[in-house]
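*Asks:* One structure coming up, written as structure tokens, with questions to follow.
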Amino acid sequence: CHRTKVKDEL
Amino acid sequence: MNIFRLTGDLSHLAAIIILLLKIWKSRSCAGISGKSQILFAMVFTTRYLDLLTAYISLYNTSMKIIYIGCSYATVYLIYAKFKATYDGNHDTFRVEFLVVPVGGLSFLVNHDFSPLEILWTFSIYLEAVAILPQLFMISKTGEAETITTHYLFFLGLYRALYLINWVWRFYFEGFFDMIAIVAGVVQTILYCDFFYLYVTKVLKGKKLSLPA
């Protein structure tokens, strides 16, 4: 499952 | 950062400020579910623990601090300062029916079995359903003050805008986060019935009241 390493969303 | 994400964040901020101002100006939290507000405070606390571990941007850090601060201030106003006006008799949703399954699910379905990641997942799942005590309270009393409906509208609008943001990010950045998307869709669906009432009643100048 694809995901970003950094969670930039609130 | 695209326009949908930014307006989503601002809409979320508007909702939080509207609620705080409504309570502060009227010196009353009548019609507001304290349970939903405690759940939102839990959502922000468990999600923004990364304030301590990662720096993303000044915007990101300041918004997180504002969200957390406002949500604790709201809980304080309801349960301490204006406690006498809190309508606990109508705020009877059993929050353990939300928190326990959501806690279990965040252990089972997550991106990574680590404490911070599980807490982040918990906050995403919990946010999806945190408004239920408030909606339950409105369905129980059969009505809501107009200002409360504006609060709910902006809260729902925020999630709807985030959905568009995720479509955008998928097409232009190849980014998607299945946990956030599924929870976001569930959350937005919960607001649909309310959106319908908001458009057909509140925007036409009528008070939101449900048929007995």
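These protein sequence lines map, in sequence, to chains A and B.
Take 6 as the starting number for the first sequence in the working numbering and just add one per residue.
Take 11 as the starting number for the second sequence in the working numbering and just add one per residue.
In this text, a Cβ means the ideal position worked out from N, Cα and C, and glycines have one as well.
1. Which of the residues in the region 103-137 of chain B, read from start to end, lie with their CB under 8 Å from any CB of chain A?
2. Starting from N70 (chain B), find everything on chain A with Cβ-Cβ shorter than 8 Å and list it in chain order.
3. Which residue wins for smallest C-alpha separation from I42 (chain B), given the options B:L87, B:A190, B:L136?
4. Please list the partners that Y161 (chain B) has in chain A, where partner means a Cβ-to-Cβ separation under 7 Å.
5. Flag I66 (chain B) as yes if its beta-carbon sits less than 9 Å from any beta-carbon of chain A, otherwise no.
6. Name the two residues that bound the continuous alpha helix (DSSP H) containing C202 (chain B).
7. Would you say R169 (chain B) lies against chain A (beta-carbon separation less than 9 Å)?
8. Apart from the five residues just before and just after C6 (chain A), which ones in its own chain have a Cβ nearer than 8 Å to its Cβ?
9. In this structure, how does DSSP classify H7 (chain A) when only helix, strand and coil are distinguished?
10. For A51 (chain B), does the count of other Cβ atoms within 10 angstroms reach 16, so buried, or fall short, so exposed?
11. Beta-carbon of H22 (chain B) versus every beta-carbon of chain A: anything under 9 Å?
12. Per DSSP, what kind of secondary structure is A154 (chain B) in: helix, strand or coil?
13. Looking at the secondary structure, which residues open and close the alpha helix (DSSP H) in which A25 (chain B) lies?
14. Would you please state the rounded distance, in angstroms, between the beta carbons of T95 (chain B) and S38 (chain B)? I believe it to be under 8 Å.
*Replies:* Once the coordinates are examined:
1. H121, W130
2. D13, L15
3. B:L87
4. Here the premise fails: no neighbours, minimum Cβ distance about 18 Å.
5. yes
6. 188-210
7. no
8. The predicted position of C6 (chain A) is uncertain, since its pLDDT is 44 and thus under 50; a value taken from the coordinates is nonetheless stated next. Cβ neighbours of C6 (chain A) beyond the five flanking positions: none.
9. Residue placement at H7 (chain A) is poorly supported in this model, since its pLDDT is 45, which falls under 50; the coordinates are not used for a value here.
10. buried
11. yes
12. strand
13. 13-36
14. 4 Å
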